[in-house]
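Position one of the sequence shown corresponds to residue 1 (my numbering), numbered consecutively onward. Worksheet for the structure shown next.
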Amino acid sequence: MKRSTKIVGTLSLALAMTSTISPIYASMGQEPLIIEESSLISENRIISSVDSWEEKINYINFEGVIKEINPKEGYVSVSLTNDKEGEIVGVFNISDNTMIVDQSTKESLKSSELKVGQKLSGYYSKDTIMLLIYPPMISPELVIVKDEEEKDFIKHSNFDEELVSVDNSLKLNISAETVITNQFGEKCKEEELYNEDLIVFYTVTTRSIPAQTNPSKIIVLKKQPDEDVIDTENGENTEIAEMIKADSYKKEETVMVPLRIIAEHLEYEVKWNNENRSILLVKGNSSFTMSIGKEDYGYNKSLGKFEKAPEINNGKTYVPQSFIDALK
């Protein structure tokens, strides 16, 4: 299955907030055991605060109820409401290749099967370039159609080598019946679950800390390597990929790429202000402003944030590779 390429659009503020209290369900029909995250302790595992484990989670969840569905060329634009006042709180741009899963059946759906009134839960990488606009426009890598009457549970977390979630609330016991895929629909092995964000479908759990369960289905939210950010099947992107291959370096886990040569290839005018060490990129009605050493950048009248601040190396300005998506 061909991996879906990102729909170029303006991505958002991360509005989805993680609760500081996690329910652990002992078994079907029983009341949940409530455990404060700040006091979770299990043998040698101690989690002192929510922040200590939230940063290990690589994907963000955004939810809403479908208000409008607008088919586009190659994707569907889905407007979401908060189910209370009817205000649009976000927009999902769902490509033809985006995995959509029905919570009740665990089967994949097509975007044409989405209906107004359904509750959607979308997952996208926290490393995605974000522009501060409202309502946010998000291109999720995985969409789940929620079923409020469904008795199965869904857990999103990063799981370690023992398949324990980072909040220490759930341990997975994999069986031969457990279906494991990634968000591209490709089958995965158990060892591919370690230290990855997982979407876990399960029912009964033990009354223990952490609770244990035999999940029916797991979807691995596999972070795409830097090389996959650019679709090399496209001629223009192939040239950019060659530029990056010829001149790039890693700063911690972030690939830094030369800005001017790529921006000019994409037909931007590049202006350097030596006085305040800032850069202006202009192409038609689009403009980007950024400064050396600063993580924030401007896009028209919006603000964005780099993974790493732009920096000068050997007389050239380098920016995170992920920023190139915003220029297209």
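Glycine included, every Cβ here is placed at the ideal spot set by N, Cα and C.
> So, using beta-carbon positions, are M256 and Y249 closer together than 8 Å?
Replying inline: Numbered from 1 along the sequence shown, position 256 holds the residue referred to as residue 256. Numbered from 1 along the sequence shown, position 249 holds the residue referred to as residue 249. Cβ distance < 8 Å, so M256 and Y249 count as in contact.
> What distance in whole Å lies between the Cβ atoms of L221 and L193, which are believed to be in contact at a cut-off of 8 Å?
Replying inline: The sequence position of residue 193 within the sequence shown is 193, counting from 1. The sequence position of residue 221 within the sequence shown is 221, counting from 1. At roughly 11 Å, the Cβ-Cβ gap does not stay under 8 Å, so L193 and L221 are not in contact.
> Roughly how many whole angstroms lie between the Cα atoms of I279 and E252?
Replying inline: The sequence position of residue 279 within the sequence shown is 279, counting from 1. The sequence position of residue 252 within the sequence shown is 252, counting from 1. Linking I279 to E252 through their CA atoms gives a straight-line distance of about 24 Å.
>> Out of I199, L172, E239 and N285, which one is the CA nearest neighbour of T206?
In response: The residue given as residue 206 occupies position 206 in the sequence shown. Out of I199, L172, E239 and N285, L172 has the C-alpha closest to the C-alpha of T206.
> Do the region 176–195 and the region 154–163 make contact, defined as three or more Cβ pairs closer than 8 Å?
Replying inline: Short answer: they touch.
> How is the beta strand (DSSP E) around A211 delimited, first residue to last?
Replying inline: Translated into positions along the sequence shown, residue 211 becomes position 211. Counting along the chain, the beta strand (DSSP E) containing A211 begins and ends at A211 to T213.
>> Rounded to the nearest angstrom, what separates K106 and K146 at their Cα positions?
In response: Here the question's residue 106 lines up with position 106 in the sequence shown. Here the question's residue 146 lines up with position 146 in the sequence shown. Taking the CA atoms as reference points, K106 sits about 11 Å from K146.
> What does DSSP give as the partner residues of F62 in its beta bridges?
Replying inline: For the purposes of this step, residue 62 is taken as the residue at position 62 of the sequence shown. Its beta-bridge partners are G122.
> Is DSSP giving N276 helix, strand or coil here?
Replying inline: Position 276 of the sequence shown holds residue 276. Coil.
> Is S322 helix, strand or coil by DSSP?
Replying inline: Here the question's residue 322 lines up with position 322 in the sequence shown. In this structure, S322 counts as helix in the three-state DSSP scheme.
> Helix or strand or just coil, what does DSSP make of N313?
Replying inline: If you number the sequence shown from 1, residue 313 lands on position 313. N313 falls in the strand class under three-state DSSP.
>> Tell me which residues share the same chain as L259 and place their Cβ nearer than 6 Å to its Cβ, disregarding the 5 neighbours each side in the sequence.
In response: Mapped onto the sequence shown, residue 259 falls at position 259. Setting aside the 5 residues that flank it on each side, L259 is surrounded in the same chain by T317 and V319, each with a C-beta closer than 6 Å to its C-beta; the list follows chain order.
> Under the three-state reduction of DSSP, which class applies to I57: helix, strand or coil?
Replying inline: Locating residue 57 in the sequence shown gives position 57, where the first residue counts as 1. In the structure shown, I57 sits in coil (DSSP, three-state: anything other than H, G, I, E or B).
>> From the DSSP secondary-structure annotation, give me the bridge partner or partners of N82.
In response: Counting from one through the sequence shown, the residue named residue 82 turns up at place 82. In DSSP, N82 forms no bridge with anything.
> Which same chain residues, not among the five before or five after W272, have their C-beta less than 7 Å away from its C-beta?
Replying inline: Sequence index remark: in the sequence shown, residue 272 carries index 272 (1-based). The answer, listed in chain order, is I279.
> To the nearest whole angstrom, what separates the beta carbons of D96 and G64, a pair I think is in contact under 8 Å?
Replying inline: Position 96 of the sequence shown, counted from the start, is the residue given in the question as residue 96. Position 64 of the sequence shown, counted from the start, is the residue given in the question as residue 64. That pair is no contact at about 21 Å.
> To which residues of the same chain is A263 closer than 8 Å at the C-beta, ignoring the five residues directly before and after it?
Replying inline: The residue labelled residue 263 in the question sits at position 263 within the sequence shown. Contacts found: V270, L281 and L327.
> Pick from T238, E295, I199 and I312: whose alpha carbon is nearest that of F346?
Replying inline: Look at the range of the chain in this structure, 1 to 328, and you will see that residue 346 is not part of it.
> Taking DSSP as the reference, what is the three-state secondary structure of L266?
Replying inline: Along the sequence shown, read from residue 1 onward, the residue named residue 266 stands at position 266. L266: coil per DSSP, three-state reduction.
> Leaving out five residues before and five after I69 in sequence, what residues of the same chain have Cβ atoms less than 7 Å from its Cβ?
Replying inline: If you number the sequence shown from 1, residue 69 lands on position 69. Non-local C-beta neighbours of I69 in its own chain, meaning closer than 7 Å and more than five positions away in sequence, comprise V76, V78, L114 and V116, ordered along the chain.
> What is the rounded straight-line gap between the Cα of K308 and the Cα of M137?
Replying inline: Along the sequence shown, one-based indexing puts residue 308 at 308. Along the sequence shown, one-based indexing puts residue 137 at 137. C-alpha separation (whole angstroms): 23 Å.
>> For I94 and E141, what's the separation of their Cα atoms in angstroms?
In response: For the purposes of this step, residue 94 is taken as residue 94 along the sequence shown, with counting starting at 1. For the purposes of this step, residue 141 is taken as residue 141 along the sequence shown, with counting starting at 1. Taking the straight line joining both Cα atoms gives about 8 Å.
> Under the three-state reduction of DSSP, which class applies to L163: helix, strand or coil?
Replying inline: Translated into the one-based positions of the sequence shown, residue 163 becomes position 163. The answer is coil: DSSP assigns L163 none of H, G, I, E or B.
>> As a quick exercise: from N214, I261, G284 and K223, pick the residue whose alpha carbon is nearest that of D152.
In response: Taking the sequence shown and counting its residues from 1, the one referred to as residue 152 is at position 152. Of the candidates N214, I261, G284 and K223, the one whose C-alpha sits nearest the C-alpha of D152 is N214.
> Hey, L120 and F159: beta-carbon distance below 8 Å or not?
Replying inline: In the sequence shown, counting from the first residue as 1, residue 120 sits at position 120. In the sequence shown, counting from the first residue as 1, residue 159 sits at position 159. Their beta carbons are not under 8 Å apart, which means L120 does not touch F159 by this criterion.
> What residue range is occupied by the uninterrupted beta strand (DSSP E) comprising K146?
Replying inline: Numbered from 1 along the sequence shown, position 146 holds the residue referred to as residue 146. DSSP places K146 in the uninterrupted beta strand (DSSP E) bounded by L142 to K146.
>> Using a 10 Å radius around the Cβ and a threshold of 16 neighbouring Cβ atoms, would you call K155 buried or exposed?
In response: Within the sequence shown, the letter at position 155 stands for residue 155. In this structure K155 is buried. Its beta-carbon is surrounded by 16 or more other beta-carbon atoms within 10 angstroms.
>> Going by DSSP, what residue range makes up the beta strand (DSSP E) through Y299?
In response: Taking the sequence shown and counting its residues from 1, the one referred to as residue 299 is at position 299. Unbroken beta strand (DSSP E) run through Y299: D296 to Y299.
> When DSSP labels each residue in this structure, what does S95 get in the three-state scheme?
Replying inline: Residue 95 sits at position 95 when you count from the first residue of the sequence shown. In the structure shown, S95 sits in a strand (DSSP, three-state: E or B).
> Which residue comes first and which comes last in the beta strand (DSSP E) that contains K171?
Replying inline: As a first step, residue 171 must be located in the sequence shown, where it is residue number 171. It spans L170 to L172 - the beta strand (DSSP E) in which K171 sits, taken as one unbroken run.
> If we count the other Cβ atoms within 10 Å of its Cβ and call it buried at 16 or more, is P71 buried or exposed?
Replying inline: As a working mapping, residue 71 is identified with position 71 in the sequence shown. Exposed, because fewer than 16 other Cβ atoms sit within 10 Å of the Cβ of P71.
> Where does A211 land, buried or exposed, given buried means 16+ other C-beta within 10 angstroms?
Replying inline: The sequence position of residue 211 within the sequence shown is 211, counting from 1. Counting other Cβ atoms within 10 Å of its Cβ, A211 reaches 16 or more and is therefore classed as buried.
> Does the distance from the C-beta atom of S157 to that of L198 stay below 8 Å?
Replying inline: For the purposes of this step, residue 157 is taken as residue 157 along the sequence shown, with counting starting at 1. For the purposes of this step, residue 198 is taken as residue 198 along the sequence shown, with counting starting at 1. Remark: C-beta atoms of S157 and L198 approach each other more closely than 8 Å.
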